[in-house]
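In UniProt numbering, the protein residues as written are 1 to 338.
Here a beta-carbon is modelled for each residue, glycine too, at the ideal position from N, C-alpha and C.
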């Protein structure tokens, strides 16, 4: 299949009532379907097209290392068919199915793989969350909603998030000079405080927070590099995966992702290298079309998502999930490529 045929095939498999997933490749487990891929399709270009259609991607494997923190709820079914072969894997959630594209070892080289896998249906309380969010979401097609908060020390909000979870700050050392040197901009002080207190992980079993060196799925810089690589690849045209914006590149203006949710919302900063110190939060809804802007600190936005029952459409407090935090369970498997 060429790229157009491949995208059409994916669409037919993930739509409600799509056909049963059966893979004809020897040795592959049940519960997924691998699709035929023509030569000449690049992984970055295809990733960008899938991100435009299905929203926030998840990096499940990079450079031959599989993220050991991945679970059935965060994309493990996309990895299962390729044990020992994976080089790269990106994943997207769409209803009750996962979409994956990546690269596997084949002989002396690598080849592109695309698959659709079963995704466990969300529990009833998550389904009701999605219904409620749909009802609350503004209907303008692409116009951003702007929410402005009263000025307050962002570090106050960071401490509120820590207190809200009952978490004992870890005091994780991070070389922020190296991080910000690569990015070419400073990151929000309150975000750095959250990183040092929590590391990367999951709030309320639903909200994914990117830190540093927490495995591929929870690493801010690994995720940014992958998004930037896909955005710069010209083989799939000039459209960005985060239209109408672009992924931030050093010295420019664009989006830098710092979090996401179980139902594929994406959290970003809008960064302008010529306006250091400004980090408005932009959120893309799970339909991949609606953008919302919040002129508030990262920690205030995160606090309101977790604790403010009236923070619509992204607040989750009204669903009584409790406020918890779980760090990733382990690091790279024995430091070896899988």
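Residue i, DSSP secondary structure in three states
| i | result |
| --- | --- |
| residue 221 | helix |
| residue 270 | strand |
| residue 132 | Since pLDDT at residue 132 reaches only 40, below the 50 mark, its modelled position is unreliable, and no value is offered. |
| residue 311 | coil |
| residue 294 | strand |
| residue 147 | Residue placement at residue 147 is flagged as unreliable, the pLDDT there being 46, under the threshold of 50; a coordinate-derived value is accordingly withheld. |
| residue 52 | helix |
| residue 247 | strand |
| residue 34 | strand |
| residue 326 | strand |
| residue 284 | strand |
| residue 71 | coil |
| residue 306 | helix |
| residue 233 | coil |
Backbone CA spacing between residue i and residue j [nearest angstrom]
| i | j | result |
| --- | --- | --- |
| residue 265 | residue 109 | 35 Å |
| residue 320 | residue 159 | 22 Å |
| residue 167 | residue 94 | 32 Å |
| residue 46 | residue 200 | 27 Å |
| residue 263 | residue 20 | 22 Å |
| residue 43 | residue 100 | 11 Å |
| residue 162 | residue 295 | 21 Å |
| residue 226 | residue 24 | 30 Å |
| residue 30 | residue 22 | 7 Å |
| residue 257 | residue 56 | 9 Å |
| residue 78 | residue 327 | 22 Å |
| residue 297 | residue 314 | 15 Å |
| residue 324 | residue 306 | 9 Å |
| residue 139 | residue 290 | Residue placement at residue 139 cannot be trusted, given a pLDDT of 30 that sits under 50; the coordinates are not used to answer. |
| residue 270 | residue 170 | 28 Å |
| residue 118 | residue 97 | 5 Å |
| residue 16 | residue 116 | 13 Å |
| residue 76 | residue 86 | 13 Å |
| residue 185 | residue 250 | 8 Å |
| residue 66 | residue 308 | 36 Å |
Beta bridge counterpart(s) of residue i as assigned by DSSP
| i | result |
| --- | --- |
| residue 66 | 61 |
| residue 209 | 201, 259 |
| residue 109 | 106 |
| residue 101 | 90, 114 |
| residue 254 | 271 |
Closer than 9 Å to chain C by CB, residue i
| i | result |
| --- | --- |
| residue 325 | Here chain C cannot be found, since the structure has a single protein chain. |
Whole-angstrom C-beta distance between residue j and residue i, which should lie under 8 Å
| i | j | result |
| --- | --- | --- |
| residue 176 | residue 299 | About 16 Å separates the two Cβ atoms, so there is no contact after all. |
| residue 316 | residue 240 | No, residue 316 and residue 240 are not in contact; Cβ-Cβ is about 28 Å, not under 8 Å. |
| residue 216 | residue 261 | Between residue 261 and residue 216 the Cβ distance is about 18 Å, and since that is not below 8 Å, they are no contact. |
| residue 81 | residue 111 | That belief does not hold up - the Cβ atoms of residue 81 and residue 111 are roughly 14 Å apart, past 8 Å. |
| residue 273 | residue 253 | 7 Å |
| residue 220 | residue 210 | 4 Å |
| residue 114 | residue 13 | That pair is no contact at about 10 Å. |
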